[in-house]
Each structure stands twice: as structure tokens, then as C-alpha cells.
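In the numbering used here, the protein residues as written are 211 to 870.
Cβ atoms here follow ideal geometry from the backbone N, Cα and C, with glycine treated the same way.
Structure first, then comments.
What follows is the structure, encoded as C-alpha cells:
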């Protein structure tokens, strides 16, 4: 089969024109088309297209050149001449790219059809040419328009070794690749990887964690793309990267690294195993900057030590965590001692964390205990407690984050502290956060916790930009504790706050919708930016209940946060509150998400905005000059640039909290 890409040019007898073609599929159209006359001849020349066997040349007196019949077929080069006809002509050139098909059937170890298998690969002679497909319920797949050549093909399914093949695609032909997994044994792992050892877990095995696996100081654990490791329920299995140790989990979009329960799909439950804990030497504020290492002798699940009282090792690297997914982790020892999906104690900014998901953890999905770690493209799904947490002086950054907290026991989507035993300990928690899509569970009946969507408390600072916050059970933002309000409202001049990027708290250029049981979504017409009741809470002690305003002048939208004009209810009896201001960057509006209320992939869960969403209006997004260091400017609100931006494809999953 031939794929044809074209570029157009127009020719008068004495006329020279150069046009650049557009991209078609995986192959660039001919570029740099030049047309000129030389005496009685017309000449054309264009840039050769990699992979093109020949070119077709089309000629017409009509600007809409018909491609039904080539003027010249299968021309072998990228230059052509012919006699001039004394007439104005329009030319089009198409590249003939030899392509073929790949198809087949994937079956499991018992011979049954394997649905949901990712078949992906790349052209060995040009690794930028890639493909991916997923098998149907009958185990079949089909891929068309593959450029001829030899491909490396991967066959991936969770709980299975990755299969790898060399496959040659021929022009116009269908290549068949049928695959059946053979029986395989799981490899048991426990104990310590000692300093100086570089251990590698390969993707042709599945690894069973029968206890803690410690990566000691000076040791390295490398986990290949596509590898699955499982906790050994009912005993506790988990991975702990000790201070000075490193782990390299470097997956790919269609070959993620997955940690999950060893119980069969359909029987897995939140808390089946321990998750991943990373311990570093970056700062932690539990000793208020005094004392010596370690600040945290023992973390949750006795996973310490970690964290220093100073900032000497804030640039430390604990490895790479890219395209990694954890499911059903968060082992519970007691109600106050529970493991998370990912727990980071004093992890430094030299660590790479991108495209990471935690789903259905018994406690929090991702929690930062101090440190300077920056992360992006994070997904938190249906936790037993909170989704995205920080405490102990975390000062990193996070961007492009989805927090969907709709499990039966879910509490807050964000829970943020400075430090629970020292609200003003230093260094103070002050993360930079942007482009979050936060979906809570107002529409569901909780069986456990019932918290507000974002709980900001215990003296933390925060810099929040381009957030979508919707379906909050008890409200959108709950500001707790006078220390939090006081720190958020420094540099106050009269009633309004002058923001400084390197300090104080910000909620700007964000969108709230349908938060809290009494949210009215009604904008007070008597104020420039009045917000409907229900989106913002503060505790009674932080409010002047007579004037209904924050005693500490908490600020949102660069302005003093208070209730809409005419709002007279006593805040002690009615906890919903709004804000007014001169800067209307943060607003009430329907984000028009595609399907935010489904709880699983099978039910059609999709947190992306529809076309026409106010999230996609660049005028609503934070301008580049307003963003703090480490945050990338993008012209949209929320985690996605539009309905076609699906960076979650291939490596994420959205299982049930309890599958049985």
C-alpha cells in the first residue's frame, strides 16, 4: 500500500513559488517545492522525503488540482522538468511511501483471548516512527499504514512478562504476529540490596515482594520498562529506597512499570501491600532547623531514617520514577500508622518524578514529607484518605496533576500542612502548584471521611495557579488555623495584599464549580468578583463573624478574601463563604469535563475538558509573568490542553477501590 503526502505550488510562466507541506500521519509531505522557468522549460524541485520510493506529479489549470490522474506517475527523483506550454498551471507533488499492515491475536498462558494488551513498537532505522494498538475483547489487533522496514515490537500486559519481537513490514502486505504467553514463574524478592550493588529487575520476569525490599545507601535498583512487581498479600511487601540509595524506574507510555497486589484481578483491595517509600537527605522541618541528621528517625511503617535539618543536600537525587503506576497499596498497621502509595521523606530536587500514578491506596496516594522534589504529570485515583499531601516543609513544585478522590473512604483531594507539631517551624512548607484538575465526590454518599476538597492548614504556604476544583463534598477550599491565615496575608496594605512570588500564599487564575452542599454558583452582581456560597471555608477563629471577613486577611485573586456583599449569615451557623476582589482571575464556571463522575476506565472516566470549556480560554490562564519559578506557562487551566490531550493514555488504570 502507498501513503501519499502532497505539497501544492502555483506556476505562472514567469513565476517562482516555494511552499511547505503539512504532516500526514507519520510521514512529512515534500517540502521546499521550487518552480521556475528556463527558456521554454518548466522545472520543479523539492526536498526528498525519507522513506519515499517515488513521487507523483499533478498538473492542472484549476487551483484545486485533481489527484485522480497523475501528470507523471512514480517519478524516481525529487526534480522534474518539462516543456513550457505558455499557460498558467498549478502543480501538486505527492510522496509515495511504501506501507503495509500488522495484525494478529494475543492469547494468555491458558490459550484464552487476552484483551487490553498493548502492542507497540518502533522502526529500527528511524526510532521516531512508532505505533501502538490495544487488543479487543477477542484478543485481536490490527495496525495499518506502517512504513516498510523492520520494527521492534513489544507485547505488554500487567502481571505478564514483556514479549519482544523483530517484525518486518512489506509493501502492501499484511504481516501476522500471533502471540501466546508461556507459563512463567514469579521471582521472590525481600531483604537488602547492599551498597555498591546494582541490581536489575528485567521485564521478562514478574517480581513478588515477600517482605520489605531495601535499597541501601550506595546501592542501585534498576527496573526495566514494562516490569510488574507485586506485594505478597497478606504479608507486607514494599520497596524502600534508603538515604543514599537510588532506584531507576524508567518506564514508557505503553510499557509502564507497575506495582500492584498479588491477588487476582477482581479480588484486589486497597491496602494489599505497602507501596514505595523514598528516603533522602534534603531538608525536613520537624526539628525547626536544629539538631542533626536524621530529622525523621522512623517514618510510617518504620521506614526511616530520612531528612536533614539543613539544606545542604537539597539537590540530591534518589533516582528516576517515570511512567510508574501503583495500585491497591497503603498497608494499614494501625489507624495512625499507614503506608501511602508513594511516600517521599526529604527527597531532593535532583530526583526525577514524571508520569506517576497511585490508585486505590488505603492511606494517601502521594505524600511529601519535606524535601525539594519537583514532579509533573501525576495521577491520584480513589484513595482511602487523601490524594495529594504535603507536610514537614516541602518546597518543591508540581504541575499537570489529576486528583480524582471518589472512593468509598476518600477524604480530601489535597491535605496540606507545614508541620503538625510546629505550625511555624522552618523551613516552611511552600510548594508551587499549577494545572491541577481536582474532582471530589459531592454526588456520592460517603462511607468514611467527608472532608473538604482542599484542606490548607497548620501554617503551610501555597502558590496555586490554573486549578480546576469541582464536586467538593463540603466545599472547595478549607483554610484552617490562624498560622496559615497569618502567613498567607503578609505584606498587607490596607485591605488588599501585594503578592510577592517568593513568599505568601496565592490562589490565582483558577476555576471552581459545584463545590459544597450549599454552593449556589451565583455571582453577586454588586461586586466585581463575588463567588457563590460553598466554595471557600475558614474556621470560625479565623473570621470576624460580625463583618464576615477574614481577621488575618487571607487573600485570593490578589485581594482580601471576604463574603459577597449583602451576605449576612453568621459564619458560625453557615460555613460556606466566598470572596470579592478587583482582580477577577479566579471564577465560578462549569469546566465542562467530559466524564468526571465515572470511577473506572470501563465506566468511561475522562477528566479532560470538552471543546469550548472556559478552561481552554487562554485569557483565563495565569500569565507567564505571574508564575513562580519552576512552573511552565501554558494557555489553559487544569491538567489538559483540550479534549485531544491524553497524556494519561497507555500507562494509567482506574480500578475499583475494593474489587471483590
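Note down, in chain order, each residue of its chain lying with its Cβ closer than 6 Å to the Cβ of residue i, except the 5 sequence neighbours on either side.
| i | result |
| --- | --- |
| residue 852 | 826 |
| residue 508 | 514 |
| residue 586 | 564, 609, 610 |
| residue 806 | 649, 817 |
| residue 588 | 566, 611 |
| residue 314 | 386, 387, 388 |
| residue 446 | 484, 541 |
| residue 646 | 611, 677 |
With a threshold of 8 Å on Cβ separation, who are the neighbours of residue i within its own chain once the five nearest residues in sequence on each side are excluded?
| i | result |
| --- | --- |
| residue 285 | 264, 265, 266, 267 |
| residue 822 | 802 |
| residue 494 | 505, 506, 516, 517, 518, 519, 555, 556, 579, 580, 581, 602, 603 |
| residue 384 | 310, 311, 312, 313 |
Can you check whether the CB of residue j is closer than 7 Å to the CB of residue i?
| i | j | result |
| --- | --- | --- |
| residue 840 | residue 569 | no |
| residue 556 | residue 499 | no |
| residue 288 | residue 246 | no |
| residue 640 | residue 671 | yes |
| residue 613 | residue 597 | yes |
| residue 454 | residue 427 | yes |
| residue 558 | residue 525 | yes |
| residue 170 | residue 863 | Since the first residue shown for the chain is 211 and the last is 870, residue 170 is missing from the structure and cannot be characterised. |
| residue 302 | residue 327 | no |
| residue 325 | residue 350 | no |
| residue 441 | residue 400 | no |
Quick one: what does DSSP say residue i is sitting in, helix, strand or coil?
| i | result |
| --- | --- |
| residue 830 | helix |
| residue 581 | coil |
| residue 471 | strand |
| residue 321 | coil |
| residue 280 | coil |
| residue 694 | helix |
| residue 825 | helix |
| residue 639 | coil |
| residue 310 | strand |
| residue 836 | helix |
| residue 301 | strand |
| residue 516 | strand |
| residue 399 | strand |
| residue 251 | strand |
| residue 572 | coil |
| residue 802 | coil |
| residue 671 | coil |
| residue 453 | coil |
| residue 244 | strand |
| residue 408 | strand |
| residue 425 | strand |
| residue 269 | strand |
| residue 548 | strand |
| residue 506 | strand |
| residue 443 | coil |
| residue 352 | strand |
| residue 858 | coil |
What does the alpha-carbon distance come out to for the pair residue i and residue j?
| i | j | result |
| --- | --- | --- |
| residue 576 | residue 552 | 5 Å |
| residue 533 | residue 278 | 46 Å |
| residue 794 | residue 549 | In this prediction, residue 794 has a pLDDT of 48, which is less than 50 and means its spatial position is unreliable; nothing more can be read from the coordinates. |
| residue 358 | residue 262 | 10 Å |
| residue 632 | residue 685 | 26 Å |
| residue 872 | residue 648 | Within the shown structure, residues of the chain are numbered from 211 to 870, placing residue 872 beyond reach of any answer. |
| residue 629 | residue 716 | 20 Å |
| residue 603 | residue 503 | 16 Å |
| residue 429 | residue 457 | 8 Å |
| residue 489 | residue 376 | 40 Å |
| residue 420 | residue 679 | 40 Å |
| residue 371 | residue 306 | 38 Å |
| residue 522 | residue 626 | 25 Å |
| residue 591 | residue 682 | 15 Å |
| residue 854 | residue 860 | 14 Å |
| residue 452 | residue 487 | 8 Å |
| residue 869 | residue 572 | 13 Å |
| residue 317 | residue 424 | 36 Å |
| residue 850 | residue 724 | 20 Å |
With a CB to CB cut of under 7 Å and the five nearest residues on each side skipped, what residues in its chain are close to residue i?
| i | result |
| --- | --- |
| residue 497 | 505, 519 |
| residue 857 | 587 |
| residue 669 | 628, 633, 634, 638, 691, 693, 694, 697 |
*Would you be able to state if there are at least three C-beta pairs under 8 Å between the segment 290-303 and the segment 329-345?*
Here the segment 329-345 makes no contact with the segment 290-303; the two share fewer than three CB pairs at distances below 8 Å.
_Using a Cβ distance threshold of 8 Å, determine whether the segment 352-367 contacts the segment 321-335, with at least three qualifying pairs required._
A contact exists between the segment 352-367 and the segment 321-335.
*So does the segment 524-539 actually touch the segment 478-485, counting three or more Cβ pairs closer than 8 Å?*
Here the segment 524-539 lies against the segment 478-485, with 3 or more beta-carbon pairs under 8 Å apart.
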